[in-house]
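Mapping of the sequence shown onto the numbering used here: residues 26 to 385, in sequence order. Beta carbons: idealized from backbone N, C-alpha and C, even for Gly. Note that this is a predicted model, so its numbers are computed, not measured. See structure below.
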Amino acid sequence: MSKKKVRRGLNPLVGVILVLLVGAGCVFGGMTFLNGAKKEFAAAEKDMPESAISDYFAKVRNRDFDGIYEDSLVIAPHMNGKQEYVETLEKIYEGVDLNNVKFYLTETVDGVDTYDLYDGDNYLAALKLMKSDDGRWLASTEFSGNNRYVIEAPAGLKISVNGIELTKKNMLEENIVAVNFQGMKNTASAPHVDKYLLENMLGEPEIAVVGDNSYGTLVDVVSGRILVGKKTEDPTLVQTFIDDAKTCAKLPAQETSLNAVAAISVTDSDWYDRIRTMQNFWFTAHAVSSFSNEKAFNIIQQSEDSMVGYVTFDYYADNGEVHRTWHPGYQISFIRQNGIWKIAGMGINSELNSAKEINY
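Here's what the structure looks like:
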């Protein structure tokens, strides 16, 4: 009698368990594969320029403008301060839907990619991408600032702008005669300076001498350059500015002689050539005059034997029929010769005088 083979059915519960186990194994294997792929993709993405764009817009969304500023100093070193940079970024992206921003590659130079960013048809800014030393791609916004500055600082000093130290790359000329003393025929005793150029600035730079807060700045009223020198409020020097400015003001008013001006001036200079040929016959003779509100300020010394600063005062004259008050503002550059301070140059700017608005 032959034995009948009996086919045993799979217990439904056992079947379900086996299916789940097999499925779990497949899922686990798939997850392992996907996770591995994601890691490989993430690693590869860091080597792609587009990763910098993604990271850049993530920072914009998170309002991490400080991070964008720090990256910008690595990619294209500039002299803009963080406050001006961040404020400009905030204005650019105010009301912009980042999902609609488009970017177009416009230039690749020396490993740096430049993209133009648009919100629809509206140009936003240029974006520069560069690979950092650690292999990451970084992005920074490039601004076209409207401000350009030339700085003259005593030769050999280390200068910082907005906390960033200047280098030879920023220097135009080294150890030259300061611009406000170039009118002297003999410049042997004139202060020498290093000349720097700042471009694409978003705002007025904050200039300092590295490690020494005794220095200040003055904007030259003739050239517009920013002059750097040691600050001083020495009362004797302040009085020299006031006294000599008043002497110069008396010449066109016919209240003093050219000899009196020559005594306080470097006569071998463009400055003296101008004042000695100045006509003063147009000024009406008068019996009454006075000076008031005399002030000398923002005095700096570009060297031990030189100084430059601003002077303002009010001058009143009355000829019995007509009277008037003037509100001049001067910038005077002095050089010390044989122990005596002499005027080497002068610029006139009434905007220095706070009373300018009541001029007639």
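So the candidates are the options; which of them puts its Cα closest to the Cα of residue i?
i, options, result
"Ala312", "Thr257, Gly160, Val347", "Val347"
"Ile300", "Ala278, Ser315, Ser314, Glu319", "Ala278"
"Ile189", "Arg161, Lys153, Pro102, Phe359", "Pro102"
"Ser379", "Ile365, Pro353, Asn105", "Pro353"
"Cys273", "Ile357, Asp91, Lys381", "Ile357"
"Asn344", "Asp298, Asn323, Ser315", "Ser315"
"Met371", "Lys271, Arg349, Gln362", "Lys271"
"Asn323", "Phe82, Leu377, Ile289", "Leu377"
"Arg173", "Ala213, Asp146, Leu223, Leu152", "Leu223"
"Asn147", "Lys256, Asn284, Leu123", "Leu123"
"Asp96", "Asn87, Arg86, Tyr81", "Tyr81"
"Asp298", "Ala369, Leu182, Thr139", "Ala369"
In chain order, what residues of the same chain lie with their CB nearer than 6 angstroms to the CB of residue i, ignoring the 5 residues before and after it?
i, result
"Lys210", "Asp293"
"Glu319", "Ile267, Phe338"
"Ser317", "Asp339"
"Ala150", "Ile117, Leu142, Thr166"
"Ser328", "Pro216"
"Gly92", "Lys84"
"Phe90", "Val111, Leu114"
"Leu252", "Glu177, Leu243, Asp245"
"Asn374", "Val246, Gly354"
What residues match up with residue i in a beta bridge as DSSP calls it?
i, result
"Glu190", "Ser185"
"Ile324", "Answer by DSSP bridge pairing: none, since Ile324 is not bridged."
"Ser388", "Since the first and last residues shown for the chain are 26 and 385, residue 388 lies out of range."
"Val218", "Pro179, Ile201"
"Leu252", "Glu177, Leu243"
CA-CA distance, residue i and residue j?
i, j, result
"Glu258", "Lys116", "41 angstroms"
"Pro216", "Gln264", "22 angstroms"
"Glu421", "Asn125", "With the chain represented from 26 up to 385, any question about residue 421 goes unanswered, as that position is not in the structure."
"Val333", "Lys275", "21 angstroms"
"Asp386", "Val235", "Outside the shown range of the chain (26 to 385) lies residue 386, about which nothing can therefore be said."
"Val202", "Val218", "6 angstroms"
"Ser185", "Asp237", "11 angstroms"
"Leu243", "Asp295", "21 angstroms"
"Gln362", "Ser214", "8 angstroms"
"Ile176", "Lys220", "6 angstroms"
"Glu231", "Gln207", "26 angstroms"
"Asp269", "Ala342", "19 angstroms"
"Thr133", "Lys153", "9 angstroms"
If you drop the 5 nearest sequence neighbours on each side, which residues of the same chain put their C-beta closer than 7 angstroms to that of residue i?
i, result
"Asp144", "Val121, Asn125, Val126"
"Ala285", "Thr272"
By Cβ distance, which residues of its chain are closer than 8 angstroms to residue i, with the 5 residues on each side in sequence left out?
i, result
"Val99", "Met155, Ser157, Leu163, Ser165"
Item to complete: Could you tell me whether the stretch 242–251 touches the stretch 189–197, using the rule of 3 or more Cβ pairs below 8 angstroms?
Response: The answer is no - the stretch 189–197 does not touch the stretch 242–251, with fewer than three Cβ pairs under 8 angstroms.
Worksheet entry | the stretch 72–83 / the stretch 162–179 touching (three or more Cβ pairs under 8 angstroms) | Under the Cβ criterion (8 angstroms, minimum of three pairs), the stretch 72–83 counts as touching the stretch 162–179.
Discussion item. Tell me whether the stretch 103–111 and the stretch 126–141 touch, counting them as touching only if at least three CB pairs, one residue from each stretch, are closer than 8 angstroms.
Written reply: The stretch 103–111 makes no contact with the stretch 126–141: fewer than 3 CB pairs, one atom from each, lie closer than 8 angstroms.
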